[in-house]
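There are 2 protein chains.
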Amino acid sequence: MSESTERSRMKIEEAKDKVIGAIAETMDLYGVTPSAANLYATMYFKDQMTLDEMRTELDMSKPSMSTSVRKLQEIAMVKKTFTRGSRKHTYAAEKNFFRSFMVFYCQMWEREVKMNMEAIEEAQEDLIDVIKETTSTPEIVADAKKYYDQLEGSKTYYRWLDDLVASIRSGKIFEFLPKDQQE
Amino acid sequence: MSESTERSRMKIEEAKDKVIGAIAETMDLYGVTPSAANLYATMYFKDQMTLDEMRTELDMSKPSMSTSVRKLQEIAMVKKTFTRGSRKHTYAAEKNFFRSFMVFYCQMWEREVKMNMEAIEEAQEDLIDVIKETTSTPEIVADAKKYYDQLEGSKTYYRWLDDLVASIRSGKIFEFLPKDQQE
DNA sequence: TTAAACGTTAAATATATTTTTAATAAACTT
DNA sequence: AAGTTTATTAAAAATATATTTAACGTTTAA
């Protein structure tokens with residue numbers, strides 16, 4: 139291999155590494171560990187990888203790769219791929235960022251809406267009990283009402299978040315915000 | 139204080155605690171520690187609090203409250219409030235979830251776009267150099283082109299994310315997804 | 001049916017993060 | 001200006017998380 143060929147290969151690697159670094163650095167947003175982030179970013183430039191290739195590339199243990207892959211699978215940033223012939227499992231990074239965005243945020247936001255809405259409903263029932271209770275003092279009733287109204291107001295947000303999820307899932311949001319808008 | 143008054147007060151506290159628990163539990167999404175999450179959720183039902191009130195309420199040290207408050211201020215979920223007369227600093231939770239949503243996600247997404255776009259631009263320049271290099275073998279050129287195109291494609295996503303941020307910041311998104319839509 | 005290859009689980013180690021106690025600095029009162 | 005209150009920083013301790021080595025179970029090939 140000639141000098142300049144070698145130099146070109148290195149320059150390509152450098153170019154990839156710049157992007158790998160940036161992706162990995164911003165992936166804390168997705169709640170993954172730095173090594174899972176690194177792994178995803180590395181896989182982003184590969185067709186598919188086995189656990190052994192990952193451990194060689196990142197110089198880490200196989201169980202570590204195994205857990206990172208699983209975490210990435212949970213948020214759908216990595217998918218298992220079928221490779222006939224090979225006994226080794228192969229995995230591929232999800233390269234469509236729109237899909238990653240959709241899966242991750244919809245999953246998280248739905249969880250947030252569900253948990254909080256359920257808690258709010260229960261809390262509001264309790265507060266209504268207190269308000270209806272004939273022996274309650276005016277002070278207590280006023281207090282209960284105050285919190286009831288605060289919670290009622292917050293539901294507007296959770297309903298909106300739910301609508302946002304729906305419009306992302308259905309793709310309707312792209313009618314409002316097209317994917318291919320020009321710079 | 140009568141028996142039933144006491145019971146009502148407790149029931150109100152219980153109601154609040156249900157919501158506090160739910161909010162705190164889903165706040166890992168915002169990248170804060172469990173205790174910062176707990177603090178925010180507690181403050182959500184208070185007008186304002188001093189560091190000493192926080193430490194009493196959560197039974198933790200004052201420096202711990204201090205750091206949690208700062209973290210929450212960074213993502214605009216807590217604001218310093220001015221209270222004349224008192225030497226103690228007072229803080230209030232941002233109770234408008236729409237505002238919290240906007241500040242947090244826009245901040246994060248903008249960082250993601252900026253970092254990655256910059257890395258992509260640099261990487262693409264490198265790849266163009268390799269492609270133009272007359273001594274490059276066809277294989278190398280093909281490789282460089284492949285990565286160049288992959289990066290070019292990903293820019294569509296980052297531009298979209300930037301548009302999303304802009305439409306949230308400007309409030310235009312609420313024309314598409316109104317806040318007060320009925321269930 | 002045995003041995004090798006592969007992935008996962010379990011236990012131990014290492015590392016990072018959170019929390020506290022102690023010390024310092026800043027702001028206010030008298 | 002001295003003394004007190006308050007918040008922050010620094011160092012230490014405690015806790016939680018990530019990583020590795022070792023062991024296990026399963027599959028496949030010989």
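Protein sequences, first through last, are from chains A and B. Each residue of the first sequence is one higher than the one before, starting from 139 at the first, in the working numbering. Each residue of the second sequence is one higher than the one before, starting from 139 at the first, in the working numbering. Positions of the beta carbon are idealized from the N, C-alpha and C atoms, including for glycine.
Closer than 7 Å to chain B by CB, residue i
i: A:Ile-213; result: no
i: A:Thr-272; result: no
i: A:Ala-257; result: yes
i: A:Phe-220; result: no
i: A:Ala-304; result: no
i: A:Val-157; result: yes
i: A:Thr-180; result: no
i: A:Ala-230; result: no
i: A:Glu-250; result: yes
i: A:Thr-164; result: yes
Option in the options with minimal Cα separation from residue i
i: A:Tyr-286; options: A:Leu-299, A:Thr-272, A:Val-268 and A:Glu-141; result: A:Val-268
i: B:Ile-150; options: A:Ala-280, A:Arg-145 and A:Glu-191; result: A:Ala-280
i: A:Ser-202; options: A:Asp-190, A:Glu-212 and A:Ile-213; result: A:Asp-190
i: B:Phe-183; options: B:Val-157, B:Met-198 and B:Glu-250; result: B:Val-157
i: B:Pro-172; options: B:Glu-152, B:Glu-144, B:Arg-249 and B:Leu-210; result: B:Leu-210
i: A:Ser-292; options: A:Asp-301, A:Asn-254, A:Arg-225 and A:Thr-273; result: A:Asn-254
i: B:Ala-230; options: B:Thr-180, B:Phe-239, B:Ser-199 and B:Met-198; result: B:Thr-180
i: A:Ser-224; options: A:Ala-261, A:Leu-302, A:Thr-188 and A:Ser-305; result: A:Thr-188
i: B:Lys-217; options: B:Met-198, B:Ser-199, B:Val-241 and B:Asp-197; result: B:Val-241
i: B:Ser-305; options: B:Trp-247, B:Ile-266 and B:Met-198; result: B:Trp-247
i: B:Ala-154; options: A:Ile-311, A:Pro-276, A:Ile-258 and A:Tyr-296; result: Ala is not the amino acid found at residue 154 of chain B; the sequence shown has Lys there. Looking at the Cα atoms, A:Ile-258 is the closest of the given residues.
i: B:Arg-237; options: A:Tyr-168, A:Leu-177 and A:Tyr-296; result: A:Tyr-296
i: B:Gln-245; options: B:Gly-169, B:Met-148 and B:Ser-140; result: B:Gly-169
i: A:Asn-234; options: B:Leu-167, B:Gln-319 and B:Leu-289; result: B:Leu-289
i: A:Ser-140; options: B:Ile-278, B:Arg-307 and B:Arg-249; result: B:Ile-278
i: B:Met-148; options: A:Ala-261, A:Ser-308 and A:Arg-307; result: A:Ala-261
Minimum Cβ-Cβ distance from residue i to chain A less than 7 Å
i: B:Ala-160; result: yes
i: B:Met-253; result: yes
i: B:Ala-174; result: no
i: B:Phe-314; result: yes
i: B:Met-187; result: no
i: B:Met-192; result: no
i: B:Glu-260; result: yes
Where residue i meets chain A, residues with beta-carbon distance less than 9 Å
i: B:Thr-171; result: Residues of chain A passing the Cβ test: none, with the nearest at roughly 13 Å.
i: B:Leu-210; result: Result: empty, since nearest Cβ-Cβ is about 17 Å, beyond 9 Å.
Per-residue contacts from residue i into chain B (C-beta, under 8 Å)
i: A:Gln-319; result: Arg-297, Trp-298 and Asp-301
Residues that residue i contacts on chain B, provided the C-beta gap is smaller than 9 Å
i: A:Ile-150; result: Asp-264, Leu-265, Val-268, Ile-278, Asp-281, Ala-282 and Tyr-285
Simplified DSSP assignment, three categories, for residue i
i: B:Ala-179; result: helix
i: A:Thr-188; result: strand
i: B:Ala-214; result: coil
i: A:Thr-143; result: helix
i: B:Thr-205; result: helix
i: A:Thr-219; result: strand
i: A:Thr-275; result: coil
i: B:Thr-164; result: helix
i: B:Thr-228; result: strand
i: B:Val-170; result: coil
i: A:Ser-149; result: Note that residue 149 of chain A is Lys in the sequence shown here, rather than Ser. A:Lys-149 falls in the helix class under three-state DSSP.
i: B:Asn-234; result: coil
i: A:Gly-159; result: helix
i: B:Gln-319; result: coil
i: A:Met-198; result: coil
i: B:Gly-291; result: helix
i: A:Lys-310; result: coil
Inter-residue CB distance, residue i and residue j (contact presumed, cutoff 8 Å)
i: A:Met-215; j: A:Glu-195; result: Between A:Glu-195 and A:Met-215 the Cβ distance is about 17 Å, and since that is not below 8 Å, they are no contact.
i: B:Arg-204; j: A:Thr-273; result: At residue 204 of chain B the sequence reads Ser, which differs from the Arg that was named. With 8 Å as the limit, B:Ser-204 and A:Thr-273 do not qualify as a contact, their Cβ atoms being about 42 Å apart.
i: B:Ala-162; j: B:Ala-175; result: 4 Å
i: A:Ser-146; j: B:Glu-271; result: 6 Å
i: B:Val-251; j: B:Asp-300; result: 5 Å
i: A:Leu-302; j: B:Trp-298; result: Incorrect: roughly 15 Å between the Cβ atoms, too far for contact.
i: B:Asp-264; j: A:Glu-152; result: 6 Å
i: A:Tyr-178; j: A:Met-165; result: 7 Å
i: B:Asp-356; j: A:Thr-294; result: In this structure chain B extends from 139 to 321, so residue 356 of chain B is not present and cannot be described.
Closer than 7 Å at the beta carbon, the chain B residues around residue i
i: A:Thr-143; result: Thr-275 and Ile-278
i: A:Leu-167; result: Met-246 and Glu-250
i: A:Leu-289; result: Val-157
Neighbouring residues, chain A, relative to residue i (Cβ below 7 Å)
i: B:Arg-147; result: Ile-278
i: B:Ser-292; result: Phe-235
Contact set between residue i and chain A, taken where Cβ atoms lie within less than 8 Å
i: B:Phe-242; result: Here the premise fails: no neighbours, minimum Cβ distance about 10 Å.
i: B:Lys-154; result: Ala-261 and Tyr-285
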